[in-house]
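Taken in order, the sequence shown gives residues 1 to 306; the numbers are from the UniProt record's numbering.
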Amino acid sequence: MSRLGTMTVGKRNTCRMEEETRRMEAKLDLLRRTMDAAEQSKSSDGVRWKSGSSKKPLTRGYVTEVLAESKGRVPPAQRHRIQGRAVDREDATHDVQQAGGISDFVTLPEEPMSATIRAAEHLRVAVLEQSKDYLEVASFLVAAGLERYTSLFLEHGFDCMETVQEMEESHMQAIGMATGHILKLRKKLRERQMPSGSTLFESKSGEVSMGNTKRVAFQSGQDDTPERVAGSLFGGHFDEREAAASFQEALLAWRGDTKPKMGEMDGTSLLDGQFDETEAAASFQEALQAWRGGGKAAAAATAADR
1 MSRLGTMTVG KRNTCRMEEE TRRMEAKLDL LRRTMDAAEQ SKSSDGVRWK
51 SGSSKKPLTR GYVTEVLAES KGRVPPAQRH RIQGRAVDRE DATHDVQQAG
101 GISDFVTLPE EPMSATIRAA EHLRVAVLEQ SKDYLEVASF LVAAGLERYT
151 SLFLEHGFDC METVQEMEES HMQAIGMATG HILKLRKKLR ERQMPSGSTL
201 FESKSGEVSM GNTKRVAFQS GQDDTPERVA GSLFGGHFDE REAAASFQEA
251 LLAWRGDTKP KMGEMDGTSL LDGQFDETEA AASFQEALQA WRGGGKAAAA
301 ATAADR
């Protein structure tokens, strides 16, 4: 046991002697550097004070020149005082490290790991923001008036248009979008998915037409589709005879005459295979004169026939 204690005491003495030797070497090194600096300052001085002499008078501005050169210098006494304080501070730091059991060769990290991770994350975000896909997403949101959600889209992984086009209403609500903005984004996505040649417009009756294709959308309660009238061209049926009779009836009503309908008239129409060119020409002239005279000539001719 005594032998082990003697070895322990010898080790402590050795550490103490090494510490004192290290301090003495530091002081000698500081003294050597101080002497070298003093010699350098003496050799680099351009002007030195000399003993006064009456034989050679001082030139004009000599004192001002000397004061200007010595303005930036530090007096030797003050320089030694500053260097001595630095050595004492270094010795105090070394004593604290030895008392706490910290070795001189241990270097602590300047920054915590969390700061390094944050810096790497910021760098990754900056690189991603410059990518082509994210710029496309940002331009799409700006065009839709939703530029406030660019950071949210990036944070939740919607960093390309392929992912954005697959978004559903639940995804939009999950990232915190407002209801009106959700409707706006869904409308813009539908317009983006349409073919380039088609155009979207909505009629007054609530029908949405795209190009030449017609479809009904968003009808509430009642059906505003026009009724399919039998016998009309809209329904796919057209009666030429009935249409001709209706035209003749309208023409006769405009002339002021009340003649029977086509079914009761003589069969002198083109539909029956008979056509009187002279009568047709006279009818055309009569209609032309009636149009020019505002119907007066037609009324006079009708009265004369009666």
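Where is the CB? At the ideal position from N, CA and C, for every residue including glycine. Keep in mind the model is a prediction, meaning the values are calculated, not measured.
One thing to note: M167 has its Cβ no nearer than 8 Å to the Cβ of Y149.
Between K187 and L146, the C-beta gap is not smaller than 8 Å, which leaves the two residues out of contact. Ranked by Cα distance from E191, the options A143, F153, A38 and F158 are led by A143. Runs of alpha helix (DSSP H) with 4 or more residues, each lying fully within the UniProt domain "SAM" (129 to 195), are found at 132 to 143, 150 to 155, 161 to 165, 169 to 174 and 179 to 193, listed in chain order.
Residue nearest to E136 within the set F158, A280 and H171 is F158 (criterion: CA-CA distance). Taking the C-beta atoms as reference points, L154 is found nearer than 8 Å to Y134.
Taking H156 as the centre and dropping the five residues before and after it, the same chain places the C-beta of I175 closer than 6 Å to its C-beta, in chain order.
When the Cα atoms are used, R16 and R124 turn out to be separated by approximately 52 Å. Between A120 and H181, the alpha-carbon positions lie close to 33 Å from each other. At a Cβ-Cβ threshold of 8 Å, F140 and M161 count as neighbours. Rounded to whole angstroms, the separation of the alpha carbons of K132 and T116 is 27 Å.
Per the C-alpha coordinates, the member of Q165, T179, E169 and S170 positioned closest to L189 is Q165. Following the DSSP letters along the chain, one finds G61 in no alpha helix (DSSP H), marked with neither H nor E.
Annotation: R33 to A68 spans about 27 Å, alpha carbon to alpha carbon.
As the crow flies, the alpha-carbon of A245 is around 58 Å from that of E169.
A straight-line Cα-Cα distance of about 14 Å links A243 and L252.
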